[in-house]
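Enquirer: First the structure, which I've put down as structure tokens, then a few questions once you've had a look.
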Amino acid sequence: MLKKLSASILLALSYNISADEPYKIGIIDVYTNTPLPSIGLPINMVPSSIQTVNGQEINQQAGVSVADYMVNNLQGVTVNEVGGNPYQLEINFRGYNATPISGNPQGLSVYVDGVRMNQPFSNTVLWDLIPDFSIESMQMVAGSNPVYGLNTLGGAISMQTKSGRTFNKKAIDFSAGSWGRQTSLMEAGGISEDGSYDYYIGYQHFTEDGWRDYSPSHVNQLFTKVGWESDTSRYEVSYSGAHNLLIGNGLTPKDLLGSDLEGIHTLEDETKNNYGKLVLSATEFWDDDTMFSGNAYWLRSDRKTGNGDLNDEFCDGASWDEDECTDAQLSLNKDDAQNLNQGVQNSTSTKQDAYGANGQITFDQDWLGRRNQLVVGTGVEYSLIKFMQSEEEIATLLANGFFGGDREDPEQSTGLTGKTKTFSLFATNTHALNDQWNINTAARYNFIQVDNQDTFNPPGGASSLSGKHHYERVNPSVGLTFHPTDNYTTYASYSESNRAPTSIELGCSNEAQPCNLPTQMADDPPLEMVVAKTVEFGARGKIANNMSWNAAIYSGKNKDDILFVYANASNGLGYFTNVDETTREGIDLGFSGQFDDLSLAVNYGFVMARYGSDFTIANEVNTSRDGASIQVSDGDYLPNIPKHHMKIRANYRVNPSWYVGATVSAFSKSYMMGNENQGHDASQGLQGETPGYAVMNLDSQYYIGENWQLSLKAINIFDNEYYTGGRLAQTRVQTDRSFDDERNVASLIPGAPRAAWIGLRYEF
């Protein structure tokens, strides 16, 4: 008799927490080793570090996105709030980034229901396009696992969404509190009378004024799913949509932040995201031991940005050049410069359409008298990108940071149409050598073609962006596990993965013609693809039935890593370039347990993210500079990545109706951008490091009868002042907001102060 499909998939993809025990720690026993559903493997046969979370845990804590939860709870994860918006967090796992900010190196792949969420144009991850309320389960998979495809240099994040079978009820949820933040959520799920159909729909509206000056945001997210299921098959159609306005004011000179850290530099920096994604998924058991799963999808993204910046060409109408500007011109203040163009509004439009399909077959059949599971699959995607950038010079920098006065007509500076085609084949096989030893082997072939067509400069011209690039590679992996008992497993693995340069990187790689991100593109030399190789040794186990632990040591090397290098410190211009090598080496340790009414989890991470080669970059602020550049050497640390972090999470059941939780996250110091060589002397006035910090958050839930739930969430309860990153830079904005000589500054990204929200939820 064939296996019951829904039970198999739920075991493979998630562990569930019952309504009667909403905060009991679950232990995953079966794991699917690809982004798509599979029959699954016992965790003691998997040679890698895996962290699992369910959606209820994510929504229980304070935060607006899955990125918030990862920062506060997951092992190996740190944060850089460079976007200055709660939906624009840059998370860092073992020294690799998943970020919505173009220009920062991307090293993690992100999937939702088997569909890759890294944007085709720049590999960025837009957290505001992933509704946190729709998530049923999530896995963080460590290493350069080739099965997870492109961009899995340091790890992969795979999420699965709710259905009417996992959410068979209706709910209305509202919360409000600090910074004018209000969140409204309506969701409903159910199953037809004959049990064959199910549905889920959820809509969330988020609005806030923001805790920093001039930083309101509005987010609208919709997720729907309809499914049909029999004993051997399941088909789903889902749609995800978003219509969002995000304003984020990130890096700001320290002396402009003010005592409350709410100040900003220039305004306004906004992002408008309109997004839609349609997915058709199918899963079938062909017999007891053979399973097919696949999807086909279409997505459309329309992203517009507007960034108020200083005009690097400002000098009384002349092209900016210190040799051409007189002292009088350079010292013009805001009152004397009403007719001069001190500012520039950089606007971009990025439209992306992507079509793709993925499929795989799982064979769970004994071989040579031992258990064996083989998964073979393929994937294809075609994306079309239309990018345009324009500049609008603005007369005056106002005291509040806005640019005002007369505006010139916008001038287009860049036009690009890009086509990206990807194709992949993969296979992964896990074989039990005996009752205690297992071996896993895998390989994936990736082919990527990027075709850029310049719509602004004629093809064939000296400054044309037009060009066709292709990259291909076979990435292997091998791993061993040893589990002498059911409560202990040790493993070792070696894996490789790659990512190809994106359209944005290929269009901004000329040192002589630096770009202003999101990007002013120019005729550029080609870039090499990045290849990551990771070795990991680890162990995990259980102590009795109520405690579990894990430990891992890893070493990863990136060949031809792509970094964004600033060409100077004042205007943010820079370019993408290959660096011969970067490395990440570290240790992860974790413990969790259930002690009567108390659940506890403790995670520690140590990572050394370093450059593996020597190179020179422009820098006019670092005190160790030689002229206008600094020398970065093999062994110097990558900026804004703390070496140490620790996270403690505790939940206590006061009584059957009342739960209280606390999370403590602590991070060590990190080096600022501009201090990549760690040679800056802070005694000369500007700091070159971001200090370490710790933050404590609280949450509580009180159940009123069977239908009502009252919640309280608070962050940074001790109101600590802290910074998540920084950069040595230059600005013409003075402490009194006048416009004057260029000065060196330490620009910082402040963390949010103490805040709290109260919520009420009704389920029926």
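Mind the numbering: the sequence shown is residues -19 to -1, 1 to 745 in mature numbering (1 follows the signal peptide of the UniProt record, and there is no 0), read in order. From the three backbone atoms N, C-alpha and C, an ideal C-beta is built for every residue, glycine too.
Helix, strand or coil for Gln501 per DSSP?
Expert: Its pLDDT being 42, under 50, Gln501 is placed unreliably by the model, and the measurement read from it follows with that caveat. Three-state result, Gln501: coil.
Enquirer: Going by Cα to Cα distance, which pick from Leu203, Trp418, Ala423, Glu265 is closest to Ala408?
Expert: Ala423
Enquirer: Would you call the stretch 723 to 743 in contact with the stretch 155 to 163, where contact means no fewer than 3 C-beta pairs closer than 8 Å?
Expert: yes
Enquirer: Distance, Cα to Cα, Leu237 vs Tyr703?
Expert: 15 Å
Enquirer: From the DSSP output, in three-state form, read off Met26 for me.
Expert: helix
Enquirer: Under a Cβ-count criterion, where at least 16 other Cβ atoms within 10 Å of its own Cβ denotes burial, should Glu2 be classed as buried or exposed?
Expert: The pLDDT assigned to Glu2 is 38, lower than 50, so where the model puts this residue is not dependable; a value taken from the coordinates is nonetheless given after this. Answer is exposed; the Cβ neighbour count stays below 16.
Enquirer: Ignore the nearest five residues each way along the sequence and tell me which others in Gln100's own chain have a CB closer than 8 Å to its CB.
Expert: Val106, Leu107, Ser282, Gln333
Enquirer: Check this for me: beta carbons of Gly145 and Gly124, under 8 Å apart or not?
Expert: no
Enquirer: May I have a chain-ordered list of the alpha helix (DSSP H) segments no shorter than 4 residues that lie completely inside the stretch 587 to 621?
Expert: none
Enquirer: Scan the stretch 192 to 275 and note each continuous beta strand (DSSP E) run of 3 residues or more that stays entirely inside, going in chain order.
Expert: 198 to 210, 214 to 228, 251 to 268
Enquirer: Anyone know if the C-beta pair for Val583 and Phe576 falls short of 8 Å?
Expert: no
Enquirer: Considering Cα atoms alone, identify which of Ala263, Thr329, Thr705, Asn603 is closest to Ala675.
Expert: Considering only alpha carbons, the answer is Thr705.
Enquirer: Is Gly655 near Leu709, with beta carbons less than 8 Å apart?
Expert: A distance below 8 Å separates the beta carbons of Gly655 and Leu709.
Enquirer: If we ignore side chains and look at the alpha-carbon of each, how far apart do Val714 and Gly666 end up?
Expert: 18 Å
Enquirer: Please name the residue or residues paired with Val93 in a DSSP beta bridge.
Expert: Val96, Met140
Enquirer: Below 8 Å on the Cβ atoms is my guess for Met589 versus Glu566; work out the distance and round it to an integer in Å.
Expert: 5 Å
Enquirer: List, from N- to C-terminal side, the beta strand (DSSP E) runs of 3 residues or more that fit wholly inside the stretch 393 to 461.
Expert: For the stretch 393 to 461, the full-length beta strand (DSSP E) segments reaching 3 residues or more read 418 to 435 along the chain.
Enquirer: Any idea what DSSP makes of Gln310, helix, strand or coil?
Expert: In this predicted model, Gln310 has a pLDDT of only 45, less than 50, meaning its place in the structure is not dependable enough to derive any value.
Enquirer: From the DSSP output, in three-state form, read off Val106 for me.
Expert: coil
Enquirer: Starting from Val122, trace the alpha helix (DSSP H) in both directions and tell me its first and last residue.
Expert: DSSP places Val122 in no alpha helix (DSSP H) but in the uninterrupted beta strand (DSSP E) bounded by 116 to 123.
Enquirer: At the level of alpha carbons, what is the spacing between Asn539 and Asn678?
Expert: In a straight line, the C-alpha of Asn539 is about 35 Å away from that of Asn678.
Enquirer: DSSP puts Ala481 in a beta bridge; with which residues?
Expert: None, per the DSSP bridge assignment.
Enquirer: Tell me where the beta strand (DSSP E) around Ile629 begins and ends.
Expert: Membership of Ile629 in the beta strand (DSSP E) is indicated by the continuous run 625 to 636.
Enquirer: Report back the beta-carbon spacing between Tyr592 and Val560 to the nearest angstrom; my notes put them in contact at under 8 Å.
Expert: Correct: roughly 7 Å between the Cβ atoms.
Enquirer: Alpha carbon to alpha carbon, how far is Leu691 from His625?
Expert: 36 Å
Enquirer: So who's on the other strand from Pro67, going by DSSP bridges?
Expert: Partner(s): none; Pro67 has no beta bridge.
Enquirer: Quick check: what's the CA-CA separation for Ser262 versus Ser30?
Expert: 28 Å
Enquirer: Looking only at its own chain, which residues have a Cβ that is under 8 Å from the Cβ of residue 762, when we skip the five neighbours before and after it?
Expert: With the chain covering only -19 through 745, there is no way to say anything about residue 762.
Enquirer: Assuming the contact rule is C-beta atoms closer than 8 Å, Leu131 and Asn427 should be a hit. Round their C-beta distance to whole Å, please.
Expert: Rounded to whole angstroms, the Cβ separation of Leu131 and Asn427 is 6 Å, and the two are in contact under 8 Å.
Enquirer: The beta strand (DSSP E) with Val726 in it runs from where to where?
Expert: Note, Val726: beta strand (DSSP E), 720 to 731.
Enquirer: With DSSP as the reference, identify every bridge partner of Leu667, one or two as the case may be.
Expert: Looking at the DSSP assignment, Leu667 forms no beta bridge with any residue, so it has no partner.
Enquirer: Give the C-beta separation of Phe745 and Lys150 to the nearest angstrom, bearing in mind that I take them to be a contact with Cβ-Cβ under 8 Å.
Expert: 7 Å
Enquirer: Look up Pro127 in the DSSP assignment and say whether it is helix, strand or coil.
Expert: helix
Enquirer: Buried or exposed: Trp192, going by 16 or more other Cβ atoms within 10 Å of its Cβ?
Expert: buried
Enquirer: For Gly612, which of Asp578, Leu227, His661 has the nearest alpha-carbon?
Expert: The identity of residue 612 in the sequence shown is Gln, whereas the question assumes Gly. Nearest of Asp578, Leu227, His661 to Gln612, Cα basis: His661.
Enquirer: CB Ile116 to CB Ile228, shorter than 8 Å?
Expert: no
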